[in-house]
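> To start, I am sharing the structure in question, which I have written as structure tokens.
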């Protein structure tokens with residue numbers, strides 16, 4: 101991979117895993133004894149990103165032969181769908197409709213799975229588009245973990261939610277740009 105493709109691949113993974121931020125913001129209070137619990141919650145978010153990406157690859161491998169001739173356009177369409185999904189999510193965040201509360205520890209796992217849907221959907225086309233090859237899953241897990249560790253202990257405020265909405269909107273713009281570059285550019289994204 102050449103340098104521009106590496107940079108675009110890193111931005112792609114960061115944008116793809118951004119959905120961790122609205123689901124993990126303000127989940128755990130920032131106290132002196134809570135770091136271990138925040139670390140475990142972040143680890144769940146990160147590992148779920150990688151696991152669902154792997155599951156998407158395995159599931160996509162079952163039917164990728166059906167889309168062999170239009171696979172490039174399917175990857176482009178999925179990137180556009182995810183970009184639109186992120187944009188709509190940013191609007192929900194601004195309106196205050198993306199706040200989560202739950203009473204059991206399973207809620208963390210549910211939010212982690214919900215945040216990993218973008219990685220799952222894009223991995224359905226891993227035979228056509230998988231930046232960094234087999235290392236993709238490690239990088240997706242690491243990016244999900246880093247997003248979660250940065251946001252899980254942040255205290256809720258309307259100002260914080262506006263920032264989260266801006267991050268989500270920015271990720272949707274980056275995903276849209278990467279989709280255009282993927283379809284019309286001449287980059288080798290293979291690992």
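Numbering (my numbering), first residue to last: 101 to 291. Where a beta carbon is used, it is the ideal one built from N, C-alpha and C, also for glycine. All of these numbers come straight from a predicted model, not from anything done at the bench.
Check for me: the alpha helix (DSSP H) holding residue 230 runs from which residue to which?
What you label residue 230 is simply residue 130 of the chain shown in a count that begins at 1. Note, residue 230: premise wrong, no alpha helix (DSSP H); not H, not E.
> Here's the rule I'm using: 16 or more other beta-carbon atoms within 10 Å means buried, otherwise exposed. How should residue 236 be labelled?
Translated into the one-based positions of the chain shown, residue 236 becomes position 136. Result: buried.
> Could you compute how far the alpha carbon of residue 106 sits from the alpha carbon of residue 278?
Position 6 of the chain shown, counted from the first residue, corresponds to residue 106. Position 178 of the chain shown, counted from the first residue, corresponds to residue 278. Looking at the two C-alpha atoms, the distance is approximately 12 Å.
> Any idea if residue 244 is buried or exposed, counting beta-carbon neighbours within 10 angstroms, 16 or more meaning buried?
One-based indexing of the chain shown puts residue 244 at position 144. It counts as buried.
> Do residue 219 and residue 153 have their C-beta atoms closer together than 7 Å?
Working through the chain shown from its first residue, we reach residue 219 at position 119. Working through the chain shown from its first residue, we reach residue 153 at position 53. Going by C-beta atoms, residue 219 is nearer than 7 Å to residue 153.
> Quick check on DSSP: helix, strand or coil for residue 170?
Residue mapping note: residue 170 aligns to position 70 of the chain shown, counting from 1. Looking at residue 170 - three-state DSSP - the assignment turns out to be coil, as it is neither helix nor strand.
> Just checking my contact of residue 225 with residue 186 at CB under 8 Å: how many whole Å lie between their CB atoms?
By 1-based counting over the chain shown, the position of residue 225 is 125. By 1-based counting over the chain shown, the position of residue 186 is 86. In fact, because the Cβ distance is near 18 Å, the residues do not count as touching under 8 Å.
> So what does DSSP say about residue 262, is it helix, strand or coil?
For the purposes of this step, residue 262 is taken as residue 162 along the chain shown, with counting starting at 1. The answer is helix: DSSP assigns residue 262 an H, G or I state.
> If you draw a straight line from the alpha carbon of residue 213 to that of residue 104, how long is it in whole angstroms?
On the chain shown, residue 213 is found 113 positions in, with the first residue counted as 1. On the chain shown, residue 104 is found 4 positions in, with the first residue counted as 1. Cα to Cα, residue 213 sits roughly 31 Å from residue 104.
> Measure the C-alpha to C-alpha separation of residue 248 and residue 115 and round it to an integer number of angstroms.
Along the chain shown, one-based indexing puts residue 248 at 148. Along the chain shown, one-based indexing puts residue 115 at 15. So the alpha carbons of these two residues sit roughly 14 Å apart.
> Alpha carbons only, please: which of 264, 276, 286 is nearest the one belonging to residue 119?
Reading the chain shown from its first residue, position 19 is the one you call residue 119. Out of 264, 276, 286, 264 has the C-alpha closest to the C-alpha of residue 119.
> Looking at the structure shown, is residue 127 part of a helix, part of a strand, or coil, going by DSSP?
The count along the chain shown starts at 1 and reaches residue 127 at position 27. Residue 127: coil per DSSP, three-state reduction.
> Thinking C-alpha only, which one of 223, 183, 240 is nearest residue 110?
Counting from 1 along the chain shown, the entry for residue 110 is found at position 10. When only C-alpha atoms are compared, the closest one is 240.
> Please list, in chain order, all residues of the same chain as residue 228 whose beta carbon is under 6 Å from its beta carbon, the five residues on each side excluded.
Working through the chain shown from its first residue, we reach residue 228 at position 128. Around residue 228: 171, 175.
> With a 10 Å radius around its C-beta and 16 neighbouring C-beta atoms as the bar for buried, classify residue 122 as buried or exposed.
Translated into the one-based positions of the chain shown, residue 122 becomes position 22. Residue 122 should be labelled buried.
> Residue 291 by DSSP, collapsed to three states: which one?
Here residue 291 is taken as the residue at index 191 of the chain shown, counted from 1. Here residue 291 scores only 48 on pLDDT, less than 50, and its place in the model is too uncertain to base an answer on.
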